[in-house]
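Protein chains in written order, with the numbering used here: chain B, 1372 to 1719; chain P, 68 to 500; chain E, 5 to 154. Yeah, the Cβ is synthetic: ideal placement off N, Cα and C, and Gly gets one too. In what follows, a single structure is set out as structure tokens and then discussed.
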Amino acid sequence: MSSLPVLVIGAGPAGLRAATDLAELNIPVVLVERRKELGGAPIRWKYHSLAPDFTPTEEVLGPMIKFCKNSSNIEVIEEAVVEGYGGSAGDFSVKIRKINGEVQDRKVAAIIVATGFEHFDATVDPRYSYGKAPNVIGINELEVMISEGKVVGHDGKIPKRVAFIFCVGSRDRSTNPWCCTVCCGVSIKQAIELKQLLNDVQIYMIYMDIRTIGLWEKLYWDSMEKYGINYIRGRVGEVFYTGEKLLVKGEDTLVRGPFEVLFDMVVLAVGIEPGEGTKQVASALKLKVNEFGFLAPKIPNIHFDSGKEGIFLAGTCVAPMSVEESIAEGSAAAMQAAKLVSRTKIIV
Amino acid sequence: MIEGNAVQLGKDEEIQLSKEDTKLFERLASERKAKLAMGTTEDYLKMLDKMRELEKKGEIIIHHVEEEYKPVGVRTLSGREKKIPTVELWQHKSCGQCGHIPGYISALYWIMAELGIPFVDDTNQTSCTAWNYYGSGASNSVALSAVFLRNMHVAWEKNAYPLIHCGTSYGDYKECRYLVVMNEDIRRRVRSILNKIGRDIVIPEELVHYSEWLHVMRQRIAERKKLDLSDVKAAVHPACHTYKLMAEDYTYDENILGGTRPAPTSSIILALGAKLVDYSTWYDCCGFGFRHILTEREIARSFAYFRKIRPVVKETGADVLVTHDTGCVTTLDKSQIVALAHGYKETIPVISDSQLSALAMGAHPFKVCQLQWHLADWKPFLEKMGIDWQKAQGEYKEYLEMIKKGGKPSFIRSPERTLSPRSEGMHDIKIAG
Amino acid sequence: MSDEEKGKHIVERKYVDDSRIIEPEKLEIGGIDVSGHWGTLVLPRTIEDFDNSMLKKVKSMPRGKNIEKCWQCGNCTAICPVAHAHPEFNPRYLIHIVKMGYSAEVEKLKDTVYFCSGCGLCSSVCPKGVDPQGVMIAMSIAFKSKKGYR
Ligand SMILES: Cc1cc2nc3c(=O)[nH]c(=O)nc-3n(C[C@H](O)[C@H](O)[C@H](O)COP(=O)(O)OP(=O)(O)OC[C@H]3O[C@@H](n4cnc5c(N)ncnc54)[C@H](O)[C@@H]3O)c2cc1C
Ligand code: SF4
Ligand code: SF4
């Protein structure tokens, strides 16, 4: 085997899978993660379980995290980013800077970029009063509450009526025009968990389209049929805090009429956007980004190909996607890196 | 938020932008915050540039907000700075004002006299005729523009800066100004009308609503405050025509409600030390608009009551609803009566920001602020402000008796002007173009 | 006052539901007569609450039990022969307003449920197994069991 390792940037589902696969092929890996823990979004935001089957997050990510921490083939560098690179495929030199200022120059054979996403910051869209009114929260915050088994308002009261607002910061010209693909499923998953947690809660899902693609559709059916969760087709114009409750102004387009109904809690299905980490790596590695700020593969249908030889892409830094897809993309990128390493080995 | 060309996006995210982009970004951010991103800011700024171009070519005269008007700068929704003149003002009155809420205008004059602000109360002013907006019967763009420019020319001639009282005139003029500047054909046709009456195209550099004047004068007004308003809860109804017609030209301030809503009126309430309260239908029309008041009185009246008065009272328990347009004060006040006859209980006095300011400065509630014309019960509100309305009512009755007996009514007069009218006949000079 | 008389001076009268117009024959305040033209009020049409009491009734009937499965695709109305003839009858819509608990709307349209011919075509095409024909029967009983809501 080549003595040069593969650099994996980002230790979310995609990066962890890529590192794991390579290590299992006996290819050394340097795993650089900007934060102080491995696992990416699901760990950072304490996802309780994963759609579509309520699999505990631990069950999916735990083994990969453990493997990466313990494998002798993987060197984990936390709280670090890659600052620049030179050389070419099979023989890159990269500069890795730790938060504490320490810089190391390393030689690597290939680079896998898996820097993931950030949640849409709902304060940007003032109509939802997020960050101003209490009890308006994002799905990321609800996920934490569900994990802790306690969903209450700011005053400690158990909510009786909860609205989920879909496509917050997604499919909207004034914020992000793309579909985040997972938030429908994630919101429905959370609504079911909420219903299981608080038996009497009434839940209303305010949506434009329900996009529970593939087998995720079951979530949608079950939520209505088994849990009596209500769906209102329409969009919300304003969330107004009355000092006590949240007045949600929307339209039920199926009855072509405006509604103004009081809720105890409003959950915003905040979308996925490329985020700062992906921007940082794009500029450090001089990668092409598309009009939306995601890393642009050479051909949109082949995600792993960055268009630069020896640099491969995986996961939500390329486009919004689910954990299962991110994991598959991590494996796909690992395969490309492994091919490159085995070729260089022959030359060496 | 913005320093140099670096824009802070999140907690630890910053982007470097070109100067032009920074401006654009700032604009977008403030429009979005105010929930009024209509996508017309670029057109508005283009129009202002074009206006200067036309002036250079000698096609139009711009009535500049010169130093002699002692201007104060404010930020508009577009991010652009606007100059608000503070003295030597030409009072552009509102048609409905005198008939329905005379205290609105007398309070404003009284404040100016108290503060020593010279002004011109001209009898030579016409209606802007835009009240037809409310009946789906607005007149054509040439006629509307001609009336607008005719009034602006009179003000210019008197060497006083137009201060527009009516929200509808203000909004209409902003739209007419856009048409006149951007459309050569309208300009040509309007000029031929104006020439017939010995006038020409004079466009004010800034179109200024009186609420913007109160906004920039709020500290001086607050300094003269005689009453304690700290117990008073006030809600604001901003007039659609002031801040939704050519939204980018109205005043916003990061320090007033975080720039999420127009600054005037809210700002004076805060400066006077009253409590400003919020309600769910803040952005909604008073009911006068959407052409209803002239064609659909039932709907206008019902809207005013069910969508404005009731939410304000039920949600906030405010003592007073303050607004800054003739139509709004009238509709919100008068529409309560029928609902009260039906047995609904919620009611709240409705007054203009000028009346609130004057009351706080110690103006007479009846002689100056003329609350006797307002229908919704204002007594509890006056009591909260510490005004002995019974005594004031007695004084007012005496005053009326005195006039009946042939005594002299008192008038509010402008302090001595420092500017003199432009030389007669100047407007007869042909302007090139 | 007959419904035709009510609010007849409202210019756009035909767009306003009868139930939204309040116009007592005699109305006065402070000794001043404000009846008729001057005293009319039109209530807002805003939906202000969800009321699931009717849903509960329908659900409790043997053939109404699947109502919550409905996702408003409109397949039932598409095939319904009555809906093609009668503009007021719409099984999808009836299901939605009952499910969501739009009580004023249910009150207005509840009698249309009896237009259902019971042919069962809707139930044969419904992708979610709602059995809309059965739901129409369940509704017709629920609507009668007690007048309107509560
Ligand atoms: C609220 C919510 C719930 C969700 N629930 C589910 C679910 O139930 N089921 C499901 O399938 N999907 C779910 N998703 C989607 C899921 O989170 C993503 O598909 C998945 O996390 C993407 O993995 P990733 O590895 O591409 O990116 P991430 O998880 O974002 O990981 C990227 C990692 O890279 C690091 N990084 C970023 N930039 C740099 C840099 N410049 N240098 C070094 N390191 C960097 C980050 O710190 C992070 O650790 C959910 C999404 C949301 C918004
Ligand atoms: S009424 Fe207002 S919100 Fe509605 S479409 Fe017109 S401008 Fe938009
Ligand atoms: S066909 Fe079935 S699911 Fe579709 S609207 Fe009718 S009842 Fe609902």
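- Among the residues facing chain B, E/I99 is not included, as its CB has no counterpart in that chain under 7 angstroms away.
- I404, V405, A406, L407: these are the residues of the stretch 396-407 of chain P whose beta carbon lies less than 7 angstroms from some beta carbon of chain E, given in chain order.
- Taking 8 angstroms as the upper bound for CB-CB distance, B/I1414 and B/L1432 are in contact here, some 6 angstroms apart.
- Within 10 angstroms of the beta-carbon of B/E1514 lie 16 or more other beta-carbons, which makes it buried.
- Comparing alpha carbon positions, the residue from P/H131, P/E133, P/K150, P/A301 closest to P/G140 is P/K150.
- Pairing E/D115 with E/G122, the inter-Cα distance amounts to about 15 angstroms.
- C-alpha of P/I172 to C-alpha of P/C233: approximately 10 angstroms in a straight line.
- With respect to chain P, the C-beta atom of E/P136 has no partner C-beta closer than 7 angstroms.
- Assigned with DSSP and collapsed to three states, P/P331 falls in coil, not helix or strand.
- Taking a cut-off of 8 angstroms for Cβ pairs, the stretch 400-419 of chain P and the stretch 305-317 of chain P do not touch, as fewer than three such pairs fall below it.
- Between ligand 3 and E/N79, a heavy atom-to-CB distance of less than 6 angstroms is present.
- The closest CA to that of B/Y1602, considering only E/I14, E/K73, E/E52, E/K10, is found on E/K73.
- With contacts defined as CB atoms closer than 7 angstroms, E/S39 and E/L31 qualify as a contacting pair.
- Annotation for P/L95: A104 place their beta carbon closer than 8 angstroms to its own, counting only its chain and skipping 5 residues before and after.
- In this model, B/V1694 and B/D1392 are separated by some 16 angstroms (Cα to Cα).
- The Cβ of E/K73 sits closer than 7 angstroms to at least one Cβ of chain B.
- Contact annotation for E/G11 against chain P: E365 [CB-CB distance below 9 angstroms, chain order].
- The Cβ atoms of P/R287 and P/I270 do not sit closer than 7 angstroms to each other.
- Secondary structure within the stretch 1406-1451 of chain B: the beta strand (DSSP E) runs of 3 or more consecutive residues, fully enclosed, are 1445-1448 (chain order).
- Secondary structure of E/H88 (DSSP, three-state): helix.
- In the DSSP assignment, the residues bridged to P/T318 are P/T143.
- The distance from the Cβ of P/W445 to that of P/P482 is about 30 angstroms, inconsistent with a contact at the 8 angstroms cut-off.
- Residues of the stretch 43-58 of chain E whose Cβ lies closer than 8 angstroms to any Cβ of chain B, in chain order: R49, T50, I51, E52, D53, F54, N56.
- Bounds of any alpha helix (DSSP H) do not take in B/D1623; it lies within the beta strand (DSSP E) bounded by 1617-1623.
- In chain order, S39, G43 place their CB closer than 8 angstroms to the CB of E/P28, counting only its own chain and leaving out the 5 sequence neighbours on each side.
- Per DSSP, P/T309 is one residue of the alpha helix (DSSP H) stretching across 307-310.
- With a cutoff of 6 angstroms, E/R96 counts as near ligand 3, since its C-beta is closer than that to a heavy atom of the ligand.
- Taking the Cβ atoms as the reference, B/I1682 lies roughly 11 angstroms from B/V1465, outside the contact range of under 8 angstroms.
- The beta carbon of B/T1613 falls within 7 angstroms of a beta carbon belonging to chain P, placing the residue at that interface.
- Boundaries of the alpha helix (DSSP H) around E/N79: 79-83.
- A buried status is given to P/H308, since no fewer than 16 other beta-carbon atoms sit within 10 Å of its beta-carbon.
- Excluding sequence positions up to five before and after B/K1407, its CB lies within less than 7 angstroms of the CB of E1449, E1450, all in the same chain and listed in chain order.
- Secondary structure within the stretch 1551-1617 of chain B: the beta strand (DSSP E) runs of 3 or more consecutive residues, fully enclosed, are 1573-1578, 1601-1604, 1607-1612 (chain order).
- Annotation for B/K1589: P1423 place their beta carbon closer than 7 angstroms to its own, counting only its chain and skipping 5 residues before and after.
- Taking 7 angstroms as the threshold, the shortest C-beta distance from B/P1497 to chain P falls below it.
- B/K1521 sits in coil when the DSSP states are folded into three classes, being neither helix nor strand.
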